[in-house]
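>
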Amino acid sequence: MKVTVNGDARDLPDGETIRALIARYQLEAGKVAVELNRRLLKSEKYDQALKDGDEVELVTFVGGG
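Heads up, the sequence shown is in full-length UniProt numbering, so the first residue is 1 and it goes up one at a time.
(1) Spatial neighbours of VAL59 within its chain, please: C-beta separation below 6 Å, excluding the five flanking residues on both sides.
(2) At which residues does the beta strand (DSSP E) containing ARG39 begin and terminate?
(3) Let me know the alpha helix (DSSP H) ranges lying completely inside the region 12–62, each 4 residues or longer, listed in chain order.
(4) Look at the alpha carbon of LEU36 and the alpha carbon of GLU55, and state the distance between them as a whole number of angstroms.
(5) Residues in the same chain with beta-carbon distance under 8 Å from TYR46, minus the five sequence neighbours each way, listed in chain order, please.
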């Protein structure tokens, strides 16, 4: 299936979950914000499967001082 991730088209396996996508990018679910089709997604929804044509933005938190 085709999914856009951070502006780039990606071919992903059918049934790929948001949690699996986060792991694919070697990110920690607790340290990332996910926007799915321009809506912020709560972490309890990360096990839902993506659909062909979905748009995902993965945003990591950066600390500093």
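Glycine included, each C-beta is placed from N, C-alpha and C at the ideal position. The structure displayed is predicted, hence computed values, not measured ones.
According to the structure data:
(1) ALA33
(2) 39–41
(3) 18–24
(4) 6 Å
(5) THR17, ILE18, ARG19, ILE22, ALA29, VAL34
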